[in-house]
Amino acid sequence: MKNYQQEFDASVNDREVFWKEKAANIDWYKFPEKIVSKDPKDFWRWYEGGSLNTAYLCLDYHVANGRAEQTALIYDSPVTKTQKKFTYRELQTQVAKFAGALRDLGVEKGDTVIIYMPMVPEAIVGMLACARLGAIHSVVFGGFAPHELALRIDDARPKVILSASCGIEFDKVIPYKPLLDRAIDEAFFKPKAAVILQRPMLAADLKEGHDYDWKEVAEKALPADCVPVEAWDPLYILYTSGTTGKPKGILRDNGGHAVAMKYSMEAVYNVKPGETFWAASDIGWAVGHSYIVYAPLIHGCTTIVFEGKPVRTPDPGTFWRVIAEHKVSVFFTAPTAIRAIKKEDSEGEFIKKYDLSNFRTLFLAGERCDVATLEWAKQHLNIPVIDHWWQTESGSPMLANMLGVEALPVKAGSPGKPVSGYDVRIMDEDGTELPAGKEGFVVIQMPLGPGAFPFLWHDDERFKESYLNTFRGYYLTGDGGYKDEDGYFYITGRIDDVINVAGHRLSTAEMEEILAGHLSVAECAVVGIADGLRGQRPVGLVVIKDNHPIEPEVLEAELVEKVREQIGAVAFFRNAIVVKRLPKTRSGKILRKIIRKIADSEPFAVPSTIDDPAILDEIKESFELRRIGVAFEVQS
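Printed below as a string of structure tokens:
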């Protein structure tokens, strides 16, 4: 057995041998001719000449090799009070039939299909059916605004759209079909057809000649076989926010992705085939693609599709119920989900209600994990809690504690050391690598590991400008951070989260860490707002735990003193505003930039990914009540 350092060194210093060995762990139709090379556009690519099919790896391979009757997928929906289980054989049958239905609608290898659906098994069937045909799927989070969906339709140009009659948010039914119709009306490109899953709580009106009933087309279709594709052929497009307002289409290819998915399940998550792995995410995000659908199924695990929230469906014990009932071994969620649970159950009383004897590791990612949240989870669950870091662009972890290789000591506040294939560095603005303890830009030497995006969908110039041109030969992550003397990395936030207070460069993430450590704080955000004298100054927004009531002015005074003690007077931290909730995306990321724009009276577009736009009015009102922000700075 190699230790961590040997494993990592081999992955970046002897790439050809290392990644050829990992490629041998999946079943190729034709093994690659080259392991890593450059394509005609001078972009790095993995496994040239290889031929495979991702849906085959997820299903057919296991049916043929002893897992046909093992549960592949569990659907657990507290919002509809239903559960369903599908064996590998049953899921293969459904996927093959639905692939046949897509084929009947004209979908072929290389075509695109948009999937605009809630968290139901059919959404995963749709993804795998596309992969089976060699078609490219693009999942758009169910319920996205019509304009944002229209932008994605015009960019992806789908032959068919897969959708559902509705989604469910807590106890509210959200009709999807009117949103889809408006998006198609707005889009310049018109899809040939839409296939609609009719859900029992709301039926959608179907347009004759364009809309098809999911159940009807699947029942009458003949099963489709797996279509061999090249390793470089696209598997999916996943759109992520762009600074220009136009979403960036992150492209994922088939070969490197399959190898990375298989490897990460073993090396990072330390999961064995046959075990139950649960990622509490949504298929609209990269986590859902990688760790609800592809990685667990390629690895031969049981995966869970969860339709619900960590709280209020029906209580803060929902996650622990799912883990207990389905004997989950490894669980992956976002820190914001744990904070939501902690807010409503700070003493962990709901955890005690369930038998979690099968549950051995909790992984957290999706945003920076504050020490208080990690320590709370560790204390109440009494198992290892592992922070790790990755991006939509990477598709799998880039910093982690690789438990399947060597379980290193956990350092609270650090997502760990570089994962195999990712040579992470810290650089200053001039491209000089910085020593331990110095904060700078987090960059990664090219090539990125297998599974990372090779480029953007139909936008090579934007790919180079966004990621490659700042530091030649390195990928710019957009995050700031530093590493310590032991080689552990610390992500301090997006580069624009560093603020300049009277010439002092200060990390808002560090201040958040201090605020989050207060006994009464459930979650918080710190942003830098405009200040006529100092350029910028930090302001905190805090949410109080339900069972830790404290007067807002008392809490503010205590937090101001804590920041002064730990950072100093140079931070000029004077305000901690108590709010009922923080504005977030549906994946749990706090919209710090929007908060800053509200305070600075700057115009902003309401993001399509926002969980509840009404929160923005609450935040604005909070600033106005406290007379904090540009308007009041100018008056004073």
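The opening residue of the sequence shown carries number 0 in numbering that gives the first Met the number 0; numbering runs sequentially from there. Don't be surprised by glycine CBs; every beta carbon is placed ideally from N, CA and C.
Item                                                                                                                                                    : Value
Can you tell me whether DSSP reads Leu-532 as helix, strand or coil?                                                                                    : coil
Figure out for me which residue from Lys-352, Lys-341 and Tyr-290 has the closest Cα to the Cα of Trp-319.                                              : Lys-352
In this structure, does DSSP put Thr-242 in helix, strand or coil?                                                                                      : Any reading at Thr-242 is ruled out, since the residue's pLDDT is 49, under 50, leaving its predicted position unreliable.
Considering Cα atoms alone, identify which of Ala-266, Pro-177, Lys-592 and Pro-246 is closest to Ser-419.                                              : Ala-266
If you run the structure through DSSP and keep just helix, strand and coil, what is Leu-132?                                                            : helix
Is it the case that the Cβ atoms of Thr-469 and Asn-253 are separated by a distance below 8 Å?                                                          : no
Unbroken alpha helix (DSSP H) runs of length 4 or more, entirely within the segment 359–432: which are they?                                            : 370–380
Just confirm the distance between the C-beta atoms of Val-78 and Thr-302, as a whole number of angstroms; I'd bet it's less than 8 Å.                   : Not confirmed; about 19 Å, so no contact.
So does the segment 49–64 actually touch the segment 8–28, counting three or more Cβ pairs closer than 8 Å?                                             : yes
If we count Cβ pairs, one from each stretch, closer than 8 Å, do we get three or more for the segment 470–486 versus the segment 422–434?               : yes
Can you check which of these residues, Ala-575, Lys-437 and Lys-21, is closest to Glu-484 by C-alpha distance?                                          : Lys-437
Per DSSP, what kind of secondary structure is Gly-255 in: helix, strand or coil?                                                                        : helix
Would you call the CB atoms of Ile-597 and Lys-579 closer than 8 Å?                                                                                     : no
Candidates Phe-454, Gln-378 and His-387: which alpha carbon is nearest Ala-333's?                                                                       : His-387
Please report the straight-line C-alpha distance between Leu-467 and Ala-202, rounded to a whole angstrom.                                              : 47 Å
With a CB to CB cut of under 8 Å and the five nearest residues on each side skipped, what residues in its chain are close to Glu-207?                   : none
Only counting the same chain, and skipping five residues up and downstream in sequence, which positions put a Cβ closer than 7 Å to that of Thr-242?    : Any reading at Thr-242 must be qualified, since the residue scores a pLDDT of 49, below 50, and its modelled position is unreliable; no value is offered.
Buried or exposed, going by whether 16 or more other CB atoms sit within 10 Å of the CB of Met-401?                                                     : buried
In terms of residues, what are the limits of the beta strand (DSSP E) holding Leu-467?                                                                  : Run containing Leu-467: none; DSSP gives neither H nor E here.
Thr-391: which of Ile-236, Phe-622, Val-94 and Gly-628 sits nearest, CA to CA?                                                                          : Ile-236
Pull up the DSSP beta-bridge partners for Ala-336, would you.                                                                                           : In DSSP, Ala-336 forms no bridge with anything.
Compute the Euclidean distance between the alpha carbons of Ile-340 and Gly-480, then round it to the nearest angstrom.                                 : 28 Å
Can you give me the Cβ contacts of Val-423 inside the same chain, cut-off strictly under 7 Å, excluding the 5 residues immediately before and after it? : Met-397, Leu-398, Pro-417, Val-441, Ile-443 and Phe-488
Per DSSP, what kind of secondary structure is Arg-674 in: helix, strand or coil?                                                                        : Nothing about residue 674 can be reported from this structure: the residues present for the chain run from 0 to 635 only.
Would Leu-518 be called buried (16 or more neighbouring beta carbons within 10 Å of its own) or exposed?                                                : exposed
Identify the continuous alpha helix (DSSP H) that holds Tyr-55 and give its terminal residues.                                                          : Per DSSP, Tyr-55 belongs to no alpha helix (DSSP H) and is neither H nor E.
Expressed to the nearest angstrom, what Euclidean distance is found between the alpha-carbon atoms of Thr-584 and Glu-366?                              : 11 Å
So, are the CB atoms of Ala-217 and Lys-96 less than 8 Å apart?                                                                                         : yes
Any idea what DSSP makes of Leu-518, helix, strand or coil?                                                                                             : coil
Measuring alpha carbon to alpha carbon, tell me which of Asp-344, Leu-581, Val-500 and Trp-284 ends up nearest Ala-376.                                 : Asp-344
Which of helix, strand or coil does DSSP assign to Arg-493?                                                                                             : strand
Let me know the secondary structure DSSP gives Ile-614 once reduced to three states.                                                                    : helix
Considering only residues of the same chain and omitting the five flanking positions on each side of Trp-456, which have a CB-CB separation below 6 Å?  : Ile-236, Gly-248 and Leu-250
Can you grab the Cα-Cα spacing for the pair Lys-544 / Asp-314, in whole Å?                                                                              : 15 Å
Looking at the structure shown, is Pro-145 part of a helix, part of a strand, or coil, going by DSSP?                                                   : helix
Output the distance between the C-alpha atoms of Ala-411 and Trp-277, rounded to the nearest integer angstrom.                                          : 23 Å
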